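Position in the sequence shown (from 1) plus 258 gives the number in this note's numbering. Cβ atoms here follow ideal geometry from the backbone N, Cα and C, with glycine treated the same way. As the structure is a computational prediction, the values presented were derived from the model and not from experiment. Written out below as structure tokens is the structure these notes cover.
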Amino acid sequence: MKNYLKRILVLTLLITGIQTYAQELDSLATINRLRHQVDSLIEQLEISETEKTLLQEKLTLQIENINNLETQTTLLQETIDKMEQKERFSIEKEDLYKEAKEREIDYLRNNIKEKEEALQHEKENSRKLSVETERYRVLNDSLKTNLSEAEKRIIRTNEELKYTKQRAKEAEAKVNAATARKKKVVAIQGIALKTFRTPNWSIAPDKIEDGSIVYRIVNKNGGEVEFDYTAGASVMLWDLSKKKKTEPENDTVRQKHIEIKKFDQEFSYSLGLYVGFGGSNLFKNFYVGPSFKFLDFFHLTAGINICEYEMLTGNFQEGDILPTGLSLTDQISKVWKPKPFFSLSFDLDFISYIKK
């Protein structure tokens, strides 16, 4: 900046000098004009030769001064041109330097911008990496939690499996015990047909004698046979099941094609002793007799039913008139009576576990 101001100052001085020389050149023109006027005056006034000589010498000196001034002006103009050229070169150099500086600044600015963009990209990548790292950390924690829960479930499942296996073994043993075709003791339930119905004594008005009602003894549960629900146990005494026969194998292709597959179920049969109870009064209604088991779970029993019944006492029978003043309750007593029965019972445990 200082060099530039100096150059401007020098140019100002040069321009001032040039203007001064120009004024002097204007003065030379005026002198020439005056010279012509003097010549004219000399001619007109016929001045003397001496004065003319002096004037000529003076004019010659002035002309020489003018020539010197022109020479100096030329030299000064050349100097000014050189200085202008130098200043122009300096300005061009300054412009080139300035342009180079501007290019360098633009390059640095672009470089800074690229670095800022790269830094921003790195920041964005760092942020994404941080988010991804946090996501994987959460996922890792979740996987650890799930793994811990899975391990707990596996441990719990193993314990449950141990308990389940134990229960399965117990259930299998129970099923095997229930489905065994040759059990020694079998709990059965069924229906019994006995040849004596449980009496249900009552009185019914029959007629009116001497102004009073005569009552007759009736049995509301009359008949000869009665069905009763029974439950008890059959003890196997003899096994009547047939042993399975092994048939020899025949390799004939023709016989294999025409052979009809037989029913592969082997039923069991046995003869035993049945003891059971019947009705709602279990301890006053007993059933005893031989029992025949067939088709694995059916039991046919024929025997004696020993039951406590309410029977009429004294000379009263069904259809007799109850005398006035007597109570039917006083004429009833409990009596044990043996009666024959026939029953069909089922092994319900075996039926519940039978293969479908």
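Residue i - DSSP class collapsed to helix/strand/coil
i: GLY480; result: coil
i: GLU464; result: A quick correction: the sequence has Asp, not Glu, at residue 464. Of the three classes helix, strand and coil, the one that applies to ASP464 here is strand, per DSSP.
i: TYR567; result: strand
i: ASN383; result: helix
i: ASN458; result: coil
i: ASP486; result: strand
i: TYR527; result: coil
i: GLU418; result: helix
i: GLN447; result: strand
i: GLN498; result: Looking at the sequence itself, residue 498 is Leu, so the reference to Gln does not match. Coil.
i: LYS551; result: strand
i: SER400; result: helix
i: LEU333; result: helix
i: SER585; result: coil
i: PHE556; result: strand
i: LYS359; result: helix
i: LYS441; result: coil
i: GLY275; result: helix
i: PHE541; result: helix
i: PHE347; result: helix
With 16 other Cβ atoms within 10 Å as the buried cut-off, status of residue i
i: ASN539; result: exposed
i: VAL444; result: buried
i: ASP486; result: buried
i: ASN563; result: buried
i: ASP607; result: buried
i: SER603; result: buried
i: ILE413; result: exposed
i: ILE370; result: exposed
i: SER528; result: buried
CB contact flag (residue i, residue j, <7 Å)
i: SER605; j: PHE574; result: It is worth fixing the name first, because residue 605 is Asp in this sequence and not Ser. For ASP605 and PHE574, no; Cβs fall outside 7 Å.
i: LEU570; j: GLY530; result: no
i: ILE579; j: TRP459; result: no
i: LEU451; j: PHE600; result: yes
i: LYS592; j: GLU566; result: yes
i: THR488; j: GLY536; result: yes
i: ILE466; j: ILE475; result: no
i: GLY534; j: GLY490; result: yes
Distance, residue j Cα to residue i Cα
i: PHE544; j: GLY572; result: 27 Å
i: ASP364; j: GLU372; result: 12 Å
i: THR582; j: VAL472; result: 7 Å
i: LEU319; j: LYS351; result: 46 Å
i: ASN368; j: LYS356; result: 18 Å
i: GLN447; j: LEU498; result: 22 Å
i: LEU401; j: TYR421; result: 29 Å
i: ALA287; j: ASN323; result: 13 Å
i: LYS410; j: THR403; result: 10 Å
i: GLU336; j: SER348; result: 18 Å
i: ARG393; j: GLU380; result: 19 Å
i: ILE338; j: LYS344; result: 10 Å
i: ALA376; j: ALA358; result: 26 Å
7 Å Cβ shell around residue i - same chain, five flanking residues per side excluded
i: ASN477; result: PRO457, ASN458, TRP459 and GLU576
i: ARG512; result: Note on ARG512: pLDDT 49, under 50, position unreliable in the model; the coordinate value appears next. If we look at ARG512 and ignore the five residues flanking it on each side, it has no Cβ neighbours.
6 Å Cβ shell around residue i - same chain, five flanking residues per side excluded
i: SER549; result: SER492, GLY530, TYR532, HIS557 and THR559
i: LYS442; result: MET494
i: PHE525; result: LEU553 and ASP554
Cβ neighbours of residue i in the same chain (closer than 8 Å, five flanking residues each side left out)
i: THR455; result: In the sequence on display, residue 455 carries Arg and not Thr. Within the same chain, ARG455 has close Cβ partners ASN479, GLY480, GLY481, GLU482, VAL483 and GLU484.
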